[in-house]
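Here's the structure we're looking at; comments come further down.
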Amino acid sequence: MLNRVIEQFGLQVLSINEVEDSHSSTVYKCNLLNGENVFLKIPYTKLKFQRELEAYEILKGSVAIPKMLDYWSGDEDCSGAFLLSELKGQSLTTEASPTVAFHVGVIHASMHSIQPSFVKVLAGIQNEFPNWSKFMEHQFYSFAEDVRDVLDKGLYKQALEKFGEMKQQLPSPDGPSFIHMDFRPANIIIDGNKVSGIIDFESVRFGSTEIDFTKLYRDFLCFDFTLYQAYKEGYNSIRPLIDLEVVLPFYRFTDAFNSIGWCKRRGIEKNALFLEENLASLKKLLL
123 MLNRVIEQFG LQVLSINEVE DSHSSTVYKC NLLNGENVFL KIPYTKLKFQ RELEAYEILK
183 GSVAIPKMLD YWSGDEDCSG AFLLSELKGQ SLTTEASPTV AFHVGVIHAS MHSIQPSFVK
243 VLAGIQNEFP NWSKFMEHQF YSFAEDVRDV LDKGLYKQAL EKFGEMKQQL PSPDGPSFIH
303 MDFRPANIII DGNKVSGIID FESVRFGSTE IDFTKLYRDF LCFDFTLYQA YKEGYNSIRP
363 LIDLEVVLPF YRFTDAFNSI GWCKRRGIEK NALFLEENLA SLKKLLL
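Under my numbering, the sequence shown has 274 at position 152, and the numbering climbs by one with no breaks.
Dropping the structure here:
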């Protein structure tokens with residue numbers, strides 16, 4: 123498959139390395155004979171390919187992203203592929219400065235400022251906002267079918283009851299906004315004190331912003347109050363930030379629960395570490 127994609131794009135490759143922190147699609151970093159680095163991305167499904175393609179069109183000129191050098195729509199054996207430029211820098215870490223956290227807030231809010239077009243019809247990116255509550259229920263109960271096989275009966279029943287209780291306490295959704303759905307440090311590229319850009323748009327939707335803070339908080343903001351405050355200031359400089367203290371408990375819970383289901387679908391042995399992390403998080407959140 124990889125050789126077919128390389129041939130499709132006419133690349134002269136010196137070396138290839140698979141990107142490890144890609145949980146769904148297959149991504150390769152390619153060093154070309156001319157010294158240039160590019161990325162090949164093969165989405166997991168045709169729908170994810172279509173979402174990513176449309177996201178690049180929507181975000182271009184509004185949010186810093188890699189340049190799409192080429193794409194292939196694929197065939198019966200391949201979901202499609204993208205040829206992307208390399209963003210300068212490295213993935214965001216907890217060692218980042220408050221200045222970086224501020225700029226992460228700015229770019230996140232800029233993304234959330236993008237609303238659905240009433241003119242252009244999209245084939246891949248759905249507008250879930252009008253039925254946001256039903257969308258959240260569908261996501262949760264869909265993964266619950268898989269989670270049932272992993273959790274003991276008592277914990278599983280407790281999780282289902284917790285979902286119903288917490289969902290009733292949510293405020294009105296904030297949107298409709300362009301939401302990343304996987305806004306985590308690995309998908310935020312930093313160069314010095316600036317954000318080079320955002321990557322990975324295969325899960326994007328139009329919906330409520332409240333779901334989009336969960337992974338950033340889990341993997342970055344919760345470790346340092348100063349970074350958390352700087353992020354909030356950056357976000358508020360573009361658009362008003364919702365009260366995260368109200369919505370984060372619910373979305374942290376559903377993220378852990380759904381992630382357990384995701385691990386079951388994609389293979390427990392292959393995703394053992396991620397599964398254990400989310401099992402621990404779920405049990406802690408249910409206390």
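Every residue gets a Cβ at the ideal spot worked out from N, C-alpha and C, and that includes glycine.
Query, Result
"Taking the alpha-carbon positions, what's the residue 260 to residue 168 distance?", "21 Å"
"Here's the rule: buried if 16 or more other CB atoms are within 10 angstroms of the residue's CB, otherwise exposed. What is residue 279?", "exposed"
"Okay, do the segment 326-342 and the segment 201-211 touch, 3+ Cβ pairs below 8 Å being the bar?", "no"
"Let's see if you can read the secondary structure: which residues bound the beta strand (DSSP E) around residue 385?", "Counting along the chain, residue 385 falls outside any beta strand (DSSP E), though it belongs to the alpha helix (DSSP H) covering 366-388."
"Using a Cβ-Cβ cut-off of 6 Å (strictly less than) and excluding sequence neighbours within five positions of residue 153, which residues of its own chain qualify?", "136, 137, 159"
"In angstroms with no decimal places, state the Cα-to-Cα distance between residue 230 and residue 325.", "16 Å"
"Take every Cβ of the segment 275-294, pair it with every Cβ of the segment 177-196, and state whether three or more of those distances are shorter than 8 Å.", "no"
"For the 8 Å Cβ check, are there 3 or more pairs between the segment 268-275 and the segment 302-313?", "no"
"Considering Cα atoms alone, identify which of 392, 198, 147, 315 is closest to residue 213.", "315"
"Are residue 201 and residue 178 closer than 9 Å when you measure CB to CB?", "no"
"Is the Cβ-Cβ distance between residue 384 and residue 329 less than 9 Å?", "no"
"Please report the straight-line C-alpha distance between residue 323 and residue 408, rounded to a whole angstrom.", "31 Å"
"Quick one: any contact between the segment 211-225 and the segment 344-355, if contact means 3 or more CB pairs under 8 Å?", "yes"
"By Cβ distance below 6 Å, which residues in the same chain neighbour residue 382 in space, the five residues on each side in sequence not counted?", "269, 272, 400"
"From 147, 162, 404, 391, pick the residue whose C-alpha is nearest to that of residue 139; which is it?", "162"
"Fully enclosed by the segment 145-169, which beta strand (DSSP E) runs are 3 residues long or longer?", "148-154, 159-164"
"For my contact list, residue 180 and residue 300 are in at a C-beta cut-off of 8 Å; report their separation, rounded to the angstrom.", "7 Å"
"Would the beta-carbon of residue 311 fall within 9 Å of that of residue 211?", "yes"
"Taking its Cβ as the centre, do 16 or more other Cβ atoms sit within 10 Å of residue 68, making it buried, or is it exposed?", "Nothing can be reported for residue 68, as the shown portion of the chain is limited to 123 through 409."
"Do residue 176 and residue 281 have their CB atoms nearer than 9 Å?", "no"
"For the beta strand (DSSP E) containing residue 141, name the first residue and the last one.", "It is not in any beta strand (DSSP E) - residue 141 carries neither H nor E in the DSSP assignment."
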